[in-house]
Each structure stands twice: as structure tokens, then as C-alpha cells.
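Data first, discussion second: the structure below is written as C-alpha cells.
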Amino acid sequence: MFAAALLGGAVVTIQITLGAFLLAFLLGLLLAVIDSMRVMLLRALVATYVEVFRNVPALTLLFIIYFGLAQVGIRLQPIPAAIIGLGLGGGAVLTEVFRAAFRALHQGQREAALAVGMTPMMAIRHIILPQAWRVVLPPLGNYAVALLKETSVASAIAAPEIMFYARQLVTRTFETPLVYAMTSLLYLAMTVPMAHVVWRLEQRRRWA
Amino acid sequence: MHDTDTASSPTPVIEIEALHKRFGQLDVLKGINLRLARGEKVVIIGPSGSGKSTLLRCTNYLEAPTSGHVRLDGTLFGERLVNGRHMRMSERELAAQRRHVGMIFQSFYLWPHLTARQNVAIAPEKVFGMKRKDALELADALLAKVHLSEKRDVYPERLSGGQQQRVAIARALAQEPRLILFDEPTSALDPELVGEVLKVIEELAAEGRSMMLVTHEIRFAAHVADRIIFMDWGVIVEEGAPDEILRRPQTERARNFLSQLEMK
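Residue numbers (numbering that gives the first Met the number 0), protein chains in the order written: chain S, 0 to 207; chain L, 0 to 263.
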């Protein structure tokens, strides 16, 4: 039955999503914090990274990491390559998300924190992040949903996720509409609940 | 120790020497010299753009001076002498110094995700290392002092401007500051709320605290100040006892400014 193969692929889809999300989250947060330190050189580096990785397609990134690195001797398995490629691209997106959240908090709060004897790091930890957290959840949720769909490009580097199996099934059985209908349903089964959670998060905002 | 002043005068709590501050092409402070004795209350008045706020912000190094020096109790603030050159301190050292200077902002800047009590207690706990229980007790005592005990578990968005500013004052008091800076503390308040904040500031003044206050409330200034400084265009134009400055201003600019205020 097709279902078994597709479900097997779904497990990998989820693995790649979780891995890439974690990488993107850590990168985004780290770079946004670095950006807030106001060191000109560091901010320029962050800006360059964001521009590059937001504007190069995911597929291209994956090819560079999987095929390109292999040419210089670094051979990665498809799943780790997918996680790294998607994570790097996502990191660029989430850097912007975190930066916007930090900016949304009035500069004055940061100054009040400094005035009371906090270092900039402490201000970020105790004042900025606890508030940025709330602001950042909906966009994070939206990114997660988009990421899950984006993992489909990993099929091009032979990662055994949903689309990879879907295409194999079609090649073997020629049941094109049926296979892709089931594939779509499978994606929907994952993305619709996620989108609902994001919607709930957006409703719950306590302060603007 | 820098007690090289004359035998009769102890170290001033704040000494500002030849302070210049430039933002881009604009010279906002053009050479300020100011001394504040312990327990003295100085009120700074002057037109908008005269650099009053910038002066306060340089005093606790929220802005770094372009040139000149600030000394807190005789010790260089924000910079240290290394081989004869002045170098900016690290963030950690700077934070440790700022802890001794309380600042009240025109827009309060309470932290919205914390209750009044938490706003006051967080620095004692996280910065000064007090135990949470002790920090909360301190917060309660200070909120009582500013007459806001019943609001201690309320979030800032539900407090009036006057209440928020009083919480901000309690927050600054939690630092046990050697000096308190007030940057137009009542300018953002509805008129009927101004009084409650001025009352608290007056009580603090009566306790003998060292204060630098920027305000447009001239009558209050006259009442609370030991000395009034009139600033305009980045320089101190006149300074002296409240009576002298307000009743018998010596300079044209001071006279113009004060007469404009009379008309309001």
C-alpha cells in the first residue's frame, strides 16, 4: 500500500523540519542578539548573511551543501545536508523575526535596565527576551509551517522524505493523481493543525 | 581617593568637568562644569534643545561624552586611566557604577511584563544579588514609601502615569543610589497627576538626598532646589540660589526664558 511508504517519508519530513527549525532558531536568536550589540563590523556581517541566505533559493543551497561540498571532499548524508541547508536559510529569516521583536520594544526599556545597573546582556536576558518571546511566537509558528512544506525540496538530494517516496511511487505505479492526492492529504494533516496552533497564539497576545 | 580639594570641602558627589557632547555635526553640550555636593539638590531649567537631558544622560554614561569627564564621589565614571589615557570602561564595570546613580525618565520606562512589585524587586535580586524574598520585601517597603502598596501586583499598563512614575521612583530607590537624576519627571503627565509625583520628590529631597532635576515646574524648582542652573544652547548661562535666578536673573536669555514661562 502506498500509505506505508508515504508515512515512512513523513517521519523523515518531521525529522528534517525539527532539525532545521532548531538550527534556524538558534542562528536567528544568536545573530539578532549580536546585532543588538551595536558593533558596526558585527552588524555588517549579520546583514550580509541575512541578505545572502534569504535570497538564494533553498534548492540551490541544498545542492551546494550536498553536491558542492562533496566535490571538495565533505560528503554529507542527505538528511543532515537538508537540515543544514534549510536551517541556514531559515536562520536568515528568523534573524529578521527576532530583530523586529527586539526593535518593537521601546529603546527606553533597555535604557532603564542599564540605568538600574544591568549590563546589556542582563537587559537582554531579563527585560528584552521575556517580552520578545511573546511577540515572536506567531512568526515562529508561521515559519515552522512554511518550513515543513519547504522540506519537499530535500527530495532532490535523495532525502527519503514524503515527496521522494511520492515520486518513486508514481514512477513505479503510474497512479499519479492518487499518489499526489494522498501526498497532499498527508501534508495537510500536518500543516493544518500547526497553522491552527499559530492562529491560537496570535489570538492570545496580551500586549501589542 | 581624590580628596585634594580645600580642607573645608569634601568630595562632591558629582563633578562634571569640561563636558562636551556632539551628535554627528551637532554640538549639544559645549563645555559644562558642574559640581554637586552630597545632599545638594540642583535643578536645571532652560529651553528645549538646551542640552539638559543630554547632560543628565552623560552623568550616568547612558551617553558617552565626546570630551570631558564625569566623577562620582571622586572616581572617574565610565572611563579609567590607562597609562595616562582615558579608556572607556567595560560594560560590566560601567554597570557596576551606574548602579549607584538612580535615574527617573520622562516616559517612566517601566517594564510591562512585570508587576509594580517585580519592577522594583528585579534589580535587587538579579543585579545586586539579594535573595528573592528580601528583594520583594524591599520592593514592598519602597512601594509603601511612594504610597502605592495597594498596587504592587498590578501591571504598568493598568497604572496611571503618576502611579507609574512613582513606581519608577521606587525602582530607583531600590538601588540605594548616591545620586538621583530626574529627567523631566512630570512632563509626560496629565496635570492632575503631577502633584502626587512632585510630593514624592519633595519627600526625597527632605531626606537629604543628592538630586539633579531637570524640570519645567518652576515653582517646584524654587521650592526644592538648593541651586538653580539655567542652560541654553549647551552651556550653563547662569546659576545660583533659586531666589537670585528666578527673581533677579542677570542675563538677557534667562530673563526671556523666565518671562515666557510666566505667560503660560
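No residue lacks a Cβ here, since even glycine has one placed at the ideal position from N, Cα and C.
Measuring alpha carbon to alpha carbon, tell me which residue in the options is nearest residue i.
i, options, result
"A112/S", "R102/S, H125/S, A103/S and V11/S", "H125/S"
"V134/S", "A100/S, A157/S and L146/S", "A100/S"
"M86/L", "I103/L, S106/L, T65/L and F104/L", "T65/L"
"L58/S", "L87/S, L40/S, A2/S and I73/S", "L87/S"
"V10/S", "G67/S, I78/S, P56/S and M117/S", "I78/S"
"R254/L", "E175/L, S159/L and I44/L", "I44/L"
"Q162/L", "Q174/L, D133/L, A134/L and V193/L", "V193/L"
"L33/L", "R252/L, E238/L, L113/L and V199/L", "E238/L"
"L203/L", "I179/L, K132/L and D225/L", "I179/L"
"Q130/S", "Q14/S, Q108/S and T190/S", "Q108/S"
"V119/L", "A143/L, P46/L, S106/L and G207/L", "A143/L"
"A169/L", "T114/L, E191/L, M230/L and E156/L", "T114/L"
"S151/S", "R203/S, W132/S, A2/S and L185/S", "L185/S"
"H112/L", "Q174/L, P123/L, V145/L and Y154/L", "Y154/L"
"W198/S", "A103/S, L139/S and F52/S", "L139/S"
"L136/S", "E201/S, T118/S and A180/S", "E201/S"
"R21/L", "S49/L, A36/L and A173/L", "S49/L"
"R203/S", "W132/S, L177/S, M181/S and Y164/S", "W132/S"
"A2/S", "I161/S, I73/S and V38/S", "I161/S"
"A266/L", "V145/L, E191/L and Q259/L", "Shown here, chain L extends from 0 to 263; a query on residue 266/L therefore has no answer."
"R102/S", "P176/S, S35/S, F20/S and I15/S", "S35/S"
"R56/L", "I103/L, E201/L and V196/L", "I103/L"
"V69/L", "N82/L, Q96/L and V81/L", "Q96/L"
"L17/S", "L104/S, E149/S and I127/S", "E149/S"
Identify the contact partners of residue i in chain L, using a Cβ-Cβ distance below 9 Å as the criterion.
i, result
"P119/S", "E90 and A94"
"E110/S", "R56, L61, M102, F104 and Y108"
Along chain S, which residues have their Cβ under 7 Å away from the Cβ of residue i?
i, result
"S106/L", "G107"
"K150/L", "Those do not exist, as K150/L stays about 18 Å from chain S at its closest Cβ, beyond 7 Å."
"Q162/L", "Simply none; closest approach about 16 Å."
"Q174/L", "V115 and G116"
"R157/L", "Within chain S, no residue comes near R157/L; the closest Cβ sits about 11 Å away, beyond 7 Å."
Under 8 Å between the Cβ atoms of residue i and residue j?
i, j, result
"T214/L", "F181/L", "yes"
"T53/L", "L28/L", "yes"
"S154/S", "R171/S", "no"
"I15/L", "I31/L", "yes"
"V41/L", "I228/L", "yes"
"L22/S", "I82/S", "yes"
"V126/L", "M120/S", "no"
"E39/L", "R226/L", "yes"
"G224/S", "R98/L", "Only positions 0 to 207 of chain S appear in the structure, and residue 224/S is not among them; the question remains open."
"F97/S", "A43/S", "no"
"R116/L", "A140/L", "no"
"V45/S", "I33/S", "yes"
"L109/L", "A167/L", "yes"
"A94/L", "T118/S", "yes"
"D26/L", "G233/L", "yes"
"V199/L", "R157/L", "no"
"G8/S", "Y179/S", "no"
"G84/S", "L61/S", "yes"
"A17/L", "G67/L", "yes"
"D231/L", "R252/L", "yes"
"L35/L", "M211/L", "yes"
"A220/L", "P241/L", "yes"
"E201/L", "V223/L", "yes"
"L104/S", "I123/S", "no"
Which residues in chain L sit within 7 Å of residue i, going by Cβ to Cβ distance?
i, result
"A114/S", "N59, L61, R97 and M102"
"I245/S", "In this structure chain S extends from 0 to 207, so residue 245/S is not present and cannot be described."
Does the ligand MN have a heavy atom nearer than 7 Å to the CB of residue i?
i, result
"H215/L", "Summarising the ligand content, the structure contains no ligands, and the ligand MN is consequently not present."
For a contact defined as C-beta to C-beta under 8 Å, what are the partners of residue i on chain S?
i, result
"A122/L", "V115, G116 and M117"
"K125/L", "M117, M121 and H125"
"Q117/L", "Chain S residues near Q117/L: none, gap ~10 Å exceeds 8 Å."
Mind pulling the chain L residues with CB within less than 8 Å of residue i?
i, result
"P129/S", "H112"
Applying a beta-carbon distance threshold of less than 9 Å, which residues of chain S neighbour residue i?
i, result
"R70/L", "The contacting residues do not exist; R70/L stays about 18 Å from chain S at best."
Assess contact between the stretch 175-189 of chain L and the stretch 212-230 of chain L, defined as three or more Cβ pairs (one per stretch) separated by less than 8 Å. Is contact present? Result yes; three or more Cβ-Cβ pairs closer than 8 Å.
Counting only runs that start and end within the stretch 11-95 of chain L, where is the alpha helix (DSSP H) found for 4 or more residues in a row? Qualifying alpha helix (DSSP H) stretches, in chain order: 51-58.
Decide if the stretch 226-245 of chain L is in contact with the stretch 59-73 of chain L; the criterion is three or more beta carbon pairs, one per stretch, under 8 Å apart. Judged by Cβ distances under 8 Å, the stretch 226-245 of chain L makes no contact with the stretch 59-73 of chain L, as fewer than three pairs qualify.
Could you tell me whether the stretch 140-156 of chain S touches the stretch 55-72 of chain S, where touching means 3 or more Cβ pairs closer than 8 Å? Below 8 Å, enough C-beta pairs join the stretch 140-156 of chain S and the stretch 55-72 of chain S to call them touching: three or more.
With three or more beta-carbon pairs closer than 8 Å as the criterion, would you say the stretch 83-98 of chain S touches the stretch 138-145 of chain S? Taking 8 Å as the limit for Cβ pairs, the verdict is that the stretch 138-145 of chain S does touch the stretch 83-98 of chain S.
Given 8 Å as the limit, is there contact between the stretch 148-158 of chain L and the stretch 193-201 of chain S, that is, 3 or more CB pairs closer than that? No, because fewer than three Cβ pairs between the stretch 148-158 of chain L and the stretch 193-201 of chain S fall closer than 8 Å, the two stretches do not touch.
Within the stretch 178-228 of chain L, ranges of the alpha helix (DSSP H) (whole runs, at least 4 residues): Taking only runs of at least 4 residues, the alpha helix (DSSP H) segments lying wholly in the stretch 178-228 of chain L are 190-205 and 217-223.
Whole runs of the alpha helix (DSSP H) within the stretch 20-65 of chain S, excluding any shorter than 4 residues: Taking only runs of at least 4 residues, the alpha helix (DSSP H) segments lying wholly in the stretch 20-65 of chain S are 39-54 and 57-62.
Write down every uninterrupted run of the beta strand (DSSP E) in the stretch 100-143 of chain L whose length is 3 residues or greater and which is fully enclosed by it, in chain order. Within the stretch 100-143 of chain L, the complete beta strand (DSSP E) runs of at least 3 residues are 100-103.
So within the stretch 101-150 of chain S, which uninterrupted alpha helix (DSSP H) runs reach at least 4 residues, ignoring any that extend past its ends? DSSP runs (the alpha helix (DSSP H)) wholly in the stretch 101-150 of chain S: 106-114, 119-122 and 128-149.
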